[in-house]
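Just so you know, the sequence shown maps onto residues 77 to 219 in our numbering. Here a beta-carbon is modelled for each residue, glycine too, at the ideal position from N, C-alpha and C. Predicted model, so just to flag it, every value in this text is computed and none were measured. Presented below is the structure to which this report refers.
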Amino acid sequence: MGKDDEIPDNVLIGEILEPGSERQQDRREKRVRKRFWATAKKAARAVPFMDEVVAAYFCALDPKTPPRVRGILLAALAYFVLPLDFIPDFLLGIGFGDDVAVLMAALNAVRSNITEAHRLAARRALADHDLETEGDEAHIIDG
């Protein structure tokens, strides 16, 4: 990520990823459910680990996922689908840079909770939604 792609110093990724209250999580979940696939289509080529982002989506919506993990993932995914953020997403190539930073931080924090079932659901959903991602191989984020 280049200097222009960074989240401003006065906004900490940890603040964005705060799980929030149950009410905040409910609002985030509704927002994510409503906007996720449209945003994923726009971001598929710009986010090199979109398969893991989609797996995180399924993990966040899985009732078996621990509440704190769901909260972190919903916070990151809500930021991802937010129509206005620090770097407009329509600036392809750099527009998703701040989203990538937030998503990577969330994935690194909760990676052990994303199961093979979530990843399988992600691969199927990517095919069903006809999303072209960068490369064909799976990207698992290592810390």
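Rounded to a whole number of angstroms, what is the C-alpha to C-alpha distance between Val123 and Val176?
7 Å
Quick one, which of Gln101, Ala132, Ser97 and Thr115 has its alpha-carbon nearest Asn184's?
Ala132
Leu88 to Asp127, Cα distance in whole Å?
25 Å
Measure the CB-CB distance between Ala198 and Phe134 and report whether it falls below 8 Å.
yes
Quick check on the burial criterion: 16 or more other C-beta atoms within 10 angstroms. Buried or exposed for Arg195?
buried
Please report the distance separating the alpha-carbon of Gly90 from that of Val129.
18 Å
Do Glu63 and Leu158 have their C-beta atoms within less than 8 Å of each other?
No statement about residue 63 is possible, as the shown extent of the chain runs from 77 to 219 and does not include it.
How about Ala116 and Leu207: do their beta carbons lie closer than 8 Å?
yes
How many Å lie between Pro143 and Phe125 at the Cα?
24 Å
So what's Leu137 in DSSP terms, helix, strand or just coil?
helix
With the cut-off set at 8 Å, would you say Ala136 and Arg146 are in Cβ contact?
yes
Status (buried if at least 16 other CB within 10 Å, exposed otherwise) for Ala119:
buried
Boundaries (first-last residue) of the alpha helix (DSSP H) holding Leu153:
Pro143 to Val157
CB-CB under 7 Å to Ala154, same chain, minus the five flanking residues each way: which ones, in chain order?
Arg104, Arg107 and Val108
If we ignore side chains and look at the alpha-carbon of each, how far apart do Lys110 and Phe156 end up?
12 Å
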